[in-house]
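Chains Z and B are the protein sequences, given in the same order.
Be aware that the first sequence starts at 1, since it is given in the numbering used here, and climbs by one per residue.
Be aware that the second sequence starts at 1, since it is given in the numbering used here, and climbs by one per residue.
The structure appears below as C-alpha cells.
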Amino acid sequence: MTQHELAIRGLAILGLLAAAAPAAAQQQQIGAPPEAANMRLVGTSDLQARSAYQPTIHRQGDRWIAYVGHHGGTDAVPDPVNPMTGKAEHNGTSIVDVTDPAHPKYLHHIPGQAGKYEGGGAQMVRVCDGKSLPPTTSGGADANAVYMLRTFGSEAHEIWNTADPANPVLVTRLGGLKDTHKSWWECDTGIAYLVSGAPDWRVRRMTQIYDLSDPAHPRKIRDFGLPGQEPGATGTVPTELHGPISTGPAGNRVYFGYGTNKGGMLQIVDREKLLKGPPAPTPDNLRAPEIARLEMAGWNGAHTTFPMLQMPIAQFAHDKDGSKRDIVMIVDEAILNECSEARQMVWFADVSTEKRPMMVSSYTADETAGNFCQRGGRFGSHSSNESMDPVFYKKMAFIAFFNAGVRALDIRDPYHPKEVGHFIPAITDKTDKRCVTVDGRERCKVAIQTNNVETDARGYIYIVDRANTGLHILELTGEARQAAGLP
Amino acid sequence: MLTRRTLVQALLVAALVVGLAGFSTFAHWYKAWMDEWGPGWHATAWPFLRDGFPPGRAWRNGDVTVYVRPKLGFCANCDTGVVDDSEVDQVTDVDLLDDRFTPVGAGERIRITDLFGRVRLYNIATRDGTRTAWGIAVNYKCDLVVALVVGKLDDPAVAKEAHAFLESNTVQVWLNKALEGR
C-alpha cells in the first residue's frame with residue numbers, strides 16, 4: 001500500500017468516526033451531568049426505582065407532600081422491595097415530603113394492583129382537603145382529612161385519607177371496572193370525573209361522574225361518553241377517552257381529551273347540562289351537553305386538554321374585539337420507542353368562539369438538537385403540568401417530553417409559544433432500558449423517559465421518570481425565571 | 001426497385017415483428033389478467049383513505065379479499081391482548097368497510113401462526129348488497145395485527161383458505177418486516 005493510499009484510507013476512517021461521533025455523544029451515560037438550560041436541579045428522590053406516571057403536589061398545613069402514581073413493575077423487577085418495610089410490593093403510590101425540596105423525604109408506599117407496566121400499579125392521583133369539600137346530607141367529609149383519589153390499576157378507584165401521609169387509611173373503593181385512567185376531581189364541589197371502564201360500555205375508557213363530597217359515601221351521577229360508545233350501540237366505536245379537565249361551576253366547562261397518540265379530539269362540554277341532564281346513556285342524552293368538538297389529524301392524540309381561559313394577548317391588546325382569548329393547550333402522547341410513529345407534540349387551540357375552535361399554534365422540542373430519535377426510548381410529548389396556581393398559570397407551561405426531559409414554554413402569547421428552558425435528568429444505575437427489534441434482534445438503549453410534570457405554588461417543578469429514575473425537583477433560572485415573573 | 005423476393009422477405013419480417021409484438025402484448029396482458037383475476041392470491045391496492053395508522057396490504061382471491069395491517073402500540077393490555085368483542089369492534093378496521101357494521105353473534109378466540117386474539121363475524125353493506133366479513137385482531141406484546149376478510153365465509157372451504165393465507169409466507173414475511181423497530 002502506498003503512502004498516498006494509506007493517507008486516503010486514514011482520512012476515510014476519520015471521516016466515518018466524525019460522522020458517528022454526534023450520535024454517540026448524544027447517548028446518555030451514567031455519571032454524566034444532566035442537560036439543562038434555564039432550569040436547575042434542586043433535589044431528587046429515587047421513588048424506590050418504581051416506574052412513575054403522575055405526580056400531584058399538595059400543601060398540607062405547613063408541609064408540602066408529593067403523591068406519585070406508578071405503573072406496574074418491569075420484567076426484571078416485577079415487585080420492587082420497599083426498603084421501609086423490607087417487603088416486595090406491587091408498584092402503587094409513593095408519598096414523599098417535599099417541604100424541603102432539596103431533601104425530599106420518602107414517607108410511604110401504598111401498593112397497587114399486581115401486574116407489569118400498564119397492566120398494574122396505580123398510575124393516577126388527585127388530592128382534595130376535607131375542609132374544601134362541601135357539606136352533604138350524608139354527613140360530609142371529615143374536615144381534618146386529606147383525601148387522595150387514586151386509580152388501582154385497571155380495576156378500581158380508591159380514596160385514601162392521607163392527613164397523616166406516613167400512615168394513609170383506605171376510605172372508599174369503587175371497583176368492578178375493566179380500566180381506569182386520568183380522572184379529575186373538583187375540590188370545591190366534590191364532583192369527580194372518573195375515567196373508568198364500565199363493563200358494559202364498548203370502550204375501555206369513558207367517564208363515570210360521581211359526587212365525592214362525602215368520600216365515604218360516593219354518589220353516582222351518570223356515565224358519559226361519545227355516542228356510539230354506550231352499551232348496545234353498533235357500528236363505528238369512537239376514539240376512547242384519555243382524561244377530562246373541568247373549570248368548575250365558575251367556568252361551567254369540561255374539556256375532554258380523546259385518544260392518546262391517534263384520532264385525537266377535544267370535546268367541549270357544558271358542565272351544568274352534563275351534571276343535570278338525563279343520566280341514561282342514550283345517544284341523545286350523551287349528545288345534549290356537548291358544545292363543540294375539535295378533531296385532530298388521525299396520527300395525533302389528545303392526552304391532556306388544559307384550559308387557559310380569558311388569556312390577555314399582548315399582540316391583540318389594542319384590538320376592539322378578541323384581545324382576550326380562551327385557549328386550550330392540547331398535549332399528545334408519544335407511545336412508540338425511537339420515533340416509530342408520527343411526532344406527538346403540543347397544540348394550542350383558540351376556543352373563544354366555542355362552536356368553531358381552531359388550532360393556532362404548535363410546539364415540539366427540536367429533535368435535531370439532541371438526536372432524540374436515536375437516544376432510545378420514546379421521544380415526543382406526553383403531558384403538561386395541570387396546576388392552575390397563579391405562579392405559572394397562563395404564563396409558563398411545562399411539557400414532559402420523554403427522552404428530551406421537561407421543556408419550559410413561555411406561553412404568554414399562545415399564538416407563538418417559545419421554549420425558554422429545559423432539563424434532562426442524568427440516568428442512573430436504576431434507569432431501565434428501552435428496546436426495539438432490528439433485523440429480528442432486540443436492541444436496547446438506556447435513556448431518561450420523563451413521563452409527567454407538575455408544579456407547586458412555590459414555583460418548583462416536579463418531573464417523574466417512566467424508566468425508574470425517580471423524581472426530580474427543579475426551579476427556573478435566567479430567562480425562563482424572568483418570563484414567569486419570579487424574583 | 002425491389003425484387004419480388006425482397007418484398008416477400010420484407011413482408012415476412014414485418015409480419016414476424018407484428019406477430020411478436022402482438023404476442024408480447026398478449027402475454028403482458030395475460031400475465032396482468034392472471035395476476036389480477038387468475039386463480040390464487042393476488043396483491044391489490046389498499047383502498048382506504050389515510051388515517052392514524054400507516055396503510056396496510058390487501059390481497060384478492062376470486063371473491064375473497066383480505067386486508068391486513070399492524071397497529072403498533074395500540075394494544076390495551078400487552079399481556080392478555082384482545083379478549084373482548086367490543087375491542088374487536090373497535091380495532092379491526094371493519095368500520096372502514098361499513099361504519100354501520102353489525103356483528104353476527106359473539107366472537108371467538110383465534111390463532112394466527114403463534115399470535116392469539118379474537119375474530120368476529122360481521123354483516124356489512126356494500127354496493128353489491130350485504131356481505132359478511134371477519135374482523136380479526138391478534139396481539140404481539142403491545143402491538144396489534146388486524147385483518148379483515150370479506151367473502152362467503154359461511155363456506156368452510158373459503159374460510160379455511162382465507163385463514164391459511166393469513167398464515168402464509170406472503171403475509172407473514174411482510175408483517176414481520178412491518179413489525180421491525182418494535
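C-beta atoms are modelled at their ideal positions from N, C-alpha and C, and glycine is treated no differently.
The three-state secondary structure of valine 91(B), taken from DSSP, is helix.
Under DSSP, isoleucine 330(Z) takes part in a beta bridge, and its partners are Thr305(Z), Trp347(Z). Closest option to valine 453(Z), judged by alpha-carbon separation, among Thr437(Z), Ala397(Z), Val446(Z), Ala467(Z): Ala397(Z). Contact of arginine 100(B) with chain Z by beta-carbon distance below 9 Å involves Thr234, Gly235, Thr236.
Chain-order list of chain Z residues neighbouring aspartate 89(B): Arg202, Val237, by C-beta distance under 7 Å.
Here the alpha carbon of lysine 445(Z) sits roughly 14 Å from the alpha carbon of phenylalanine 402(Z). Buried is the label assigned to valine 146(B), since at least 16 other Cβ atoms lie within 10 Å of its Cβ. Considering only beta carbons, the part of the segment 283-303 of chain Z lying closer than 7 Å to chain B consists of Gly298, Trp299, in chain order. Looking from the CA of histidine 109(Z), the closest CA among Tyr117(Z), Gly121(Z), Gly301(Z) belongs to Gly121(Z).
For arginine 378(Z), the three-state secondary structure derived from DSSP is strand. Residues of chain B with a Cβ closer than 7 Å to the Cβ of glycine 119(Z) are, in chain order, Asn77, Cys78, Asp79. At a beta-carbon threshold of 8 Å, the residues of chain B lying near glycine 263(Z) are Asp51, Gly52, ordered along the chain. Taking the C-beta atoms as reference points, histidine 422(Z) is found nearer than 7 Å to alanine 37(Z).
Scanning chain Z for C-beta atoms nearer than 9 Å to the C-beta of aspartate 95(B) yields Gly235, Thr236, Val237, reported in chain order.
The Cβ of threonine 437(Z) sits closer than 7 Å to at least one Cβ of chain B. By the criterion of a C-beta distance shorter than 7 Å, glycine 56(B) is surrounded in its chain by Trp46, Tyr67, Val68, Arg69, once the five residues flanking it on both sides are discounted. The C-beta of serine 86(B) comes closer than 7 Å to at least one C-beta of chain Z. For the segment 357-419 of chain Z, the continuous alpha helix (DSSP H) assignments of 4+ residues that do not extend past its boundaries occur at 367-370, 372-375, in sequence order.
For the options Ala125(B), His28(B), Phe53(B), the alpha carbon positioned closest to that of alanine 342(Z) is the one of Phe53(B). For proline 103(B), the three-state secondary structure derived from DSSP is strand. Judged by DSSP secondary structure, leucine 144(B) falls within the beta strand (DSSP E) whose first and last residues are 143-150. As DSSP reads the structure, isoleucine 313(Z) sits in no beta bridge. Contact with chain B is absent for leucine 241(Z), since none of that chain's Cβ atoms lies less than 7 Å from the residue's Cβ.
One Cα belongs to proline 278(Z), the other to aspartate 46(Z), and the distance between them is close to 47 Å. Sequence-distant Cβ neighbours of methionine 39(Z) in its own chain, meaning closer than 8 Å and more than five residues away, are Val406, Ala408, Gly421, His422, Phe423, Ile461, Leu474, Glu475, Leu476, Thr477, Ala480. Taking a C-beta cut-off of 8 Å against chain B, the contacting residues of the segment 323-339 of chain Z are Ile335, Leu336, Asn337, Glu338, listed in chain order. If you ignore the 5 residues before and after aspartate 85(B), its C-beta comes within less than 8 Å of the C-beta of Pro103, Ala106, Gly107, Arg118, Arg120, all in its own chain and listed in chain order. Counting C-beta pairs closer than 8 Å gives three or more between the segment 236-250 of chain Z and the segment 193-202 of chain Z, which meets the contact rule.
The continuous beta strand (DSSP E) containing lysine 445(Z) extends over residues 441-446. In the DSSP secondary-structure assignment, threonine 172(Z) is bridged to Ile159(Z).
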